[in-house]
Amino acid sequence: MQFAYLARDAAGKMQSGSLAAESSIDAAHKLRQDGLYAVSLEEARAKLTVKIPLFGRRVSRSELVYTTSQLAVMIDAGISLSSAIAGLAAQTENLGFKSMLEKIQQDIEGGENLSTALGRFPKTFDGVYVNLVKAGEASGMLGALLERLAVQMRNDLEARSKVRGALMYPGAMFVMCISACVFLLTCVLPKISPMFVARGIELPTPTIVMMALSHALTVYWWACLLGLAACIGSFWYARRQWWGILAWDWCILGVPILGPLIRKSILARTTRTFSSMLNAGVPVLNAIELCAAVSENSLYEKAWNHLAQEVTTGRQLHEVLESNPLFPKTLVQMIGSGEKTGKLGMVLGRVSDYYEAEVSIATKSATSLIEPLMVAGMGVIIGGLALAMLLPIFKLSSHVG
């Protein structure tokens, strides 16, 4: 294989060129023998992406974790790669995934590497997955790296579940609050408001506002539905534009309580990816690009891409990150110490362990804070509506008395 490389020499100067090697890991070793440190390595030949009709459901993260873990066990047990994948294909009930695994098995029997076969399905096997498999093939430790990958994916899945669980509770409470308000305005208030009008009593301002809202919802319900549909459509359109994605991600990171939790989750995921890539021998620039891909936030993606651009000019990682507020000072200092000692992969692994623990703690704290706040908020809103309906009744009873 031919690889195009971008490398840094002992003096820090950048050099580019191409060389022949069996894999990217082998290419990086050859560059080190020449006194060069690989920043970027790309295979010269174009990759082919195969699309096959998938009649089953999409492959879930938990299904991929299980498959990866099982494949690692089979390989360590001495089962051939082709037989292991055939066994996994026979086990899965997902028709689409079964078809994909069968195609991968055919490619392997045809002489392809596992990483090459997986690379044809980028929607299921992302860059992190393919690069770790490629590193395992080059080092002869495919089973161990697959097990490490399964553990990493399982930890990431647990972190996502914790964040999702913290977000689901306030979302459910918000829907319940809106439903209760709509019920009071459309079913309860219209039945008692004629009594207020017939008695000719002076209505309090909150009651007048509630009656106007009730009239709009019951008489002009179609306009309300159109307005709601327009808002949803506008939001859907904006979320697919670069400016809308940027604005949404900025707002999400700024939300009290939940914002810091999401930041820690992103940092845990990206530092774990960076650590795994470096420990597997993937060049720094490729590892940074993969961090941008897994960040799942446009602000962090932009920051990682900027870091990749600056690294190609010869700047150190911590020098670039220290001016970016998205990365805590402690993280930047640890990256700097890792660069100085030559143990960046190990340092990033410890950093990711720290942030994963922080996500767990922050999730519990966020849940314990959000629950009473949401209950209090619902009490104020629904209690305010009930009070607006009860005030005229109190006034009416005082008139009768």
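The sequence shown: position 85 = 86 (the numbering used here), numbered continuously. All C-beta atoms, glycine included, are put in the ideal place defined by N, C-alpha and C. Because the structure is a prediction, the values reported are computed rather than measured.
Have a look at the DSSP bridge pairing and note the partners of residue i.
| i | result |
| --- | --- |
| Leu-20 | Phe-4 |
| Ala-39 | Ala-8 |
With a threshold of 6 Å on Cβ separation, who are the neighbours of residue i within its own chain once the five nearest residues in sequence on each side are excluded?
| i | result |
| --- | --- |
| Trp-237 | none |
| Gly-385 | none |
| Val-1 | Nothing about residue 1 can be read from this structure; the chain reaches only from 2 to 402. |
| Leu-388 | none |
| Val-51 | Model confidence at Val-51 stands at a pLDDT of 44, short of 50, so the residue's coordinates are unreliable; what they give is reported in the following sentence. The answer, listed in chain order, is Arg-121. |
| Glu-64 | none |
| Pro-171 | Ile-371 and Met-375 |
| Leu-247 | Ser-299 |
| Ala-173 | none |
| Arg-155 | Val-66 |
| Gly-93 | Contrary to the premise, residue 93 reads as Thr rather than Gly in this sequence. Here the set comprises Lys-99. |
Just to confirm my understanding: we take residue i, look at its own chain, exclude 5 residues before and 5 after, and list those with CB closer than 7 Å. What are they?
| i | result |
| --- | --- |
| Leu-89 | Thr-68, Gln-71, Leu-72 and Leu-102 |
| Leu-370 | Ile-258 |
| Ala-22 | Met-2, Phe-4, Ala-28 and Lys-31 |
| Ala-269 | Ala-160, Ser-353, Tyr-356, Glu-357 and Val-360 |
| Asn-306 | Ala-293 |
| Leu-397 | Arg-200 and Ile-202 |
| Pro-54 | A caution first: Pro-54 carries a pLDDT of 47, below 50, which makes its placement in the model unreliable, though a value can still be read off. Result list for Pro-54: empty, nothing under 7 Å. |
| Leu-204 | Phe-197 and Pro-393 |
| Asn-114 | Glu-138 |
| Val-74 | none |
| Glu-302 | Ala-293 and Ser-296 |
| Ala-239 | Gly-245 |
| Phe-395 | none |
| Ala-231 | none |
| Lys-48 | Its pLDDT being 43, under 50, Lys-48 is placed unreliably in this model, and the value from its coordinates should be taken loosely. Counting only Cβ-Cβ distances below 7 Å, and skipping sequence neighbours, we find Gly-120. |
| Gly-80 | According to the sequence displayed, residue 80 carries Ile and not Gly. No residues qualify anywhere along the chain. |
Could you pull out every residue in the same chain whose Cβ sits closer than 8 Å to the Cβ of residue i, ignoring the five residues on either side in sequence?
| i | result |
| --- | --- |
| Lys-265 | Tyr-356, Glu-359, Val-360 and Ala-363 |
| Leu-218 | Val-183, Leu-186, Thr-187 and Cys-225 |
| Gly-260 | Ile-253 and Leu-254 |
| Tyr-208 | Per the sequence presented here, residue 208 reads as Thr, with Tyr not at that position. Counting only Cβ-Cβ distances below 8 Å, and skipping sequence neighbours, we find Phe-197, Ala-389, Met-390, Leu-392 and Pro-393. |
| Leu-332 | Leu-268, Thr-272, Leu-322 and Val-352 |
| Met-211 | Leu-186, Leu-190, Leu-386, Ala-389 and Met-390 |
| Met-177 | Met-379 |
On the premise that residue j lies in contact with residue i, defined as a C-beta separation below 8 Å, what is that separation, rounded to the nearest angstrom?
| i | j | result |
| --- | --- | --- |
| Ser-353 | Thr-272 | 4 Å |
| Ser-116 | Val-129 | Not confirmed; about 12 Å, so no contact. |
| Gln-106 | Ile-86 | 5 Å |
| Ile-336 | Leu-308 | The Cβ separation is near 10 Å, so there is no contact. |
| Val-164 | Ile-233 | About 24 Å; that fails the 8 Å criterion. |
| Ser-277 | Arg-149 | 7 Å |
| Thr-274 | Leu-291 | 6 Å |
| Ala-78 | Ala-367 | Contact doesn't hold; Cβ gap of about 42 Å is too wide. |
| Ser-215 | Ser-235 | With 8 Å as the limit, Ser-215 and Ser-235 do not qualify as a contact, their Cβ atoms being about 26 Å apart. |
| Ala-151 | Val-60 | With 8 Å as the limit, Ala-151 and Val-60 do not qualify as a contact, their Cβ atoms being about 15 Å apart. |
| Leu-286 | Val-312 | 6 Å |
| Leu-146 | Ile-109 | About 17 Å; that fails the 8 Å criterion. |
| Leu-143 | Arg-62 | About 21 Å separates the two Cβ atoms, so there is no contact after all. |
Any Cβ of chain B within less than 9 Å of the Cβ of residue i?
| i | result |
| --- | --- |
| Ser-194 | This model lacks chain B altogether, as it is built from one protein chain only. |
Secondary structure, alpha helix (DSSP H): runs of 4+ residues fully inside the stretch 119-205: 128-140, 143-184 and 190-200
The stretch 378-396 touching the stretch 290-306, judged by at least three CB pairs closer than 8 Å: no
Secondary structure, alpha helix (DSSP H): runs of 4+ residues fully inside the stretch 318-393: 318-322 and 330-342
Stretch pair the stretch 178-188 + the stretch 315-326: three plus CB contacts closer than 8 Å: no
Inter-stretch contact at 8 Å, needing at least 3 Cβ pairs: the stretch 273-289 / the stretch 125-137: yes
Stretch pair the stretch 302-321 + the stretch 336-350: three plus CB contacts closer than 8 Å: yes
Alpha helix (DSSP H) runs wholly inside the stretch 218-252, at least 4 long, in chain order: 222-239
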